[in-house]
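Encoded as structure tokens, the structure appears first; notes follow it.
Residue numbers (the UniProt record's numbering): 1 to 406.
Here it is as structure tokens:
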């Protein structure tokens, strides 16, 4: 992924500039057009490796993470609530922020605010750091005079999103470590140990057992044509990546992720949690429902769910409630639909959506624990089967040889 520096004009004709990380120039232009910008210039930035910086500098220039944004939003809210001016708050944040990348951006935001630009408009110039959700929430907070409350909601949202990501990452770490260890053992045996014994086995005046013949054939095939297998794997990965970067390919892959056994329910629960929490946070911050749904549709990573949210927007535009198109999509469980309907009827949609998100966060944690408890023994069994097969293939011809000598 490359970094592109851009210059553009918004609907009022004001010039804005910033940087976006994306695969191609076409994707950058598409993102900027979605934000209402007309691109006037676009230039690919040199890779980080071309900058003469030490490791510390490279770490400082890395992309701003959720944890750093959470701390930033929480500190921002505290100082605004304490009565500090916007410029003074940004100056303090610029001085105490550890991330070099975020410090640079906060400095640019401070200059924009000093020149009369609103905070949300300045944030909008840095979409690679401040996403559309944060920009729209800050804009609503500015209009409603509740910027400190909104920033606290932003921080809470980021904290819960980060917690969910960490739970998923922690749950797959141990199974991934077992699989890596298993593949490492197999690689070591196939390329370093087994070739030393193949000549010995072939020299025996014996009819080798089937497992031993299979092992010898597999070893010779892998060691003799490893570059062919590696080429096919790399070509397959490249082709797959190119395919899922197309709209049709991405849609089919996202559909597959929702339907695949075992992992599909987990993906669905994670997606529902993020959808309901994002929408609830935006509504509670005063963002209009149509604008909130537009932000959520762009924020949701799964294109199938994003399309369903767009259909919800269309239905609301025609006078329907939110719950009806949610049910028609077939993607959302009855509980989500019913609680959304109750929230609409009682005027507590934001709190209902937050409760749904909390419920599905707990469901994700439970599902992850169940998957981990299933995957761990399966991976250990797989490793045991492979090692056992290799040991058996070694032992059988030796046993035949010893028996023949006796």
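For glycine and all other residues, C-beta sits at the position ideal for the given N, C-alpha and C.
Using a Cβ-Cβ cut-off of 6 Å (strictly less than) and excluding sequence neighbours within five positions of residue 270, which residues of its own chain qualify?
Cβ within range, chain order: 364.
Residue of 41, 64, 194 and 98 minimising C-alpha distance to residue 392
Minimum Cα-Cα distance from residue 392 among the listed residues 41, 64, 194 and 98 corresponds to 194.
Start-to-end residues for the alpha helix (DSSP H) that takes in residue 136
132 to 144 is the extent of the alpha helix (DSSP H) around residue 136.
Which residues in the same chain have their Cβ closer than 8 Å to the Cβ of residue 18, if we skip the five residues on either side of it in sequence?
Close CB contacts of residue 18 within its chain, under the 8 Å cut and outside five residues either way in sequence, are with 5, 6, 125, 126, 127 and 128 (chain order).
Considering only the alpha carbon of each residue, which of 390, 280 and 30 lies closest to residue 150?
In terms of Cα proximity to residue 150, the closest of 390, 280 and 30 is 280.
Go ahead and pull the three-state DSSP assignment for residue 269.
In the structure shown, residue 269 sits in a helix (DSSP, three-state: H, G or I).
Would residue 174 be called buried (16 or more neighbouring beta carbons within 10 Å of its own) or exposed?
Classification for residue 174: exposed.
Are the beta-carbon atoms belonging to residue 97 and residue 106 less than 8 Å from one another?
Going by C-beta atoms, residue 97 is nearer than 8 Å to residue 106.
Using only the alpha-carbon positions, how far apart do residue 286 and residue 144 sit?
So the alpha carbons of these two residues sit roughly 8 Å apart.
In chain order, what residues of the same chain have a beta carbon less than 7 Å from the beta carbon of residue 212, not counting five sequence neighbours either side?
Contacts found: 201, 393, 396 and 397.
Exposed or buried, what is residue 335 when buried is set at 16 or more other beta-carbons lying within 10 Å of its beta-carbon?
Label assigned to residue 335: exposed.
So the candidates are 216, 350 and 210; which of them puts its Cα closest to the Cα of residue 199?
It is 216 whose Cα lies nearest to the Cα of residue 199.
Confirm, please, whether the CB-CB distance from residue 171 to residue 368 is below 8 Å.
Taking 8 Å as the cut-off, the beta carbon of residue 368 is found closer than this to the beta carbon of residue 171.
Quick check: the stretch 216 to 235 against the stretch 243 to 257, are at least 3 beta-carbon pairs closer than 8 Å?
Three or more Cβ pairs closer than 8 Å define a contact, and the stretch 243 to 257 falls short of that threshold against the stretch 216 to 235.
Please state whether DSSP places residue 264 in a helix, a strand or coil.
If DSSP states are grouped into helix, strand and coil, residue 264 belongs with the helices.
Just the Cα atoms here: how many angstroms apart are residue 400 and residue 385?
One Cα belongs to residue 400, the other to residue 385, and the distance between them is close to 22 Å.
Is it the case that the Cβ atoms of residue 164 and residue 361 are separated by a distance below 8 Å?
By the CB criterion at 8 Å, residue 164 and residue 361 fall inside the cutoff.
Compute the distance between the beta-carbons of residue 407 and residue 304, then report whether it is under 8 Å.
What the structure shows of the chain is the stretch from 1 to 406, and residue 407 is not part of that stretch, so it cannot be assessed.
DSSP three-state label for residue 322, please.
Here residue 322 sits in coil by DSSP.
Is residue 99 buried or exposed, if buried means 16 or more other CB atoms sit within 10 Å of its CB?
It is buried - the Cβ of residue 99 has at least 16 other Cβ atoms within 10 Å.
For a minimum of 4 consecutive residues, which ranges assigned as the alpha helix (DSSP H) are wholly contained in the stretch 135 to 198?
As far as the stretch 135 to 198 is concerned, its whole alpha helix (DSSP H) runs of at least 4 residues are 147 to 188.
Do residue 110 and residue 80 have their C-beta atoms within less than 8 Å of each other?
No. Outside cutoff.
Work out the CA separation of residue 330 and residue 9 for me, nearest whole Å.
Each residue's Cα considered, the two are about 40 Å apart.
In the structure shown, what three-state DSSP assignment does residue 99 receive?
Coil.
Is the separation between the beta-carbon of residue 326 and that of residue 342 shorter than 8 Å?
Cβ atoms of residue 326 and residue 342: not closer than 8 Å.
Kindly indicate which three-state DSSP category residue 285 falls into: helix, strand or coil?
Residue 285: coil per DSSP, three-state reduction.
Quick check: what's the CA-CA separation for residue 219 versus residue 190?
One C-alpha to the other measures close to 6 Å.
Residue 344: first and last residue of the uninterrupted alpha helix (DSSP H) it sits in
For residue 344, the enclosing alpha helix (DSSP H) has its first and last residue at 334 to 346.
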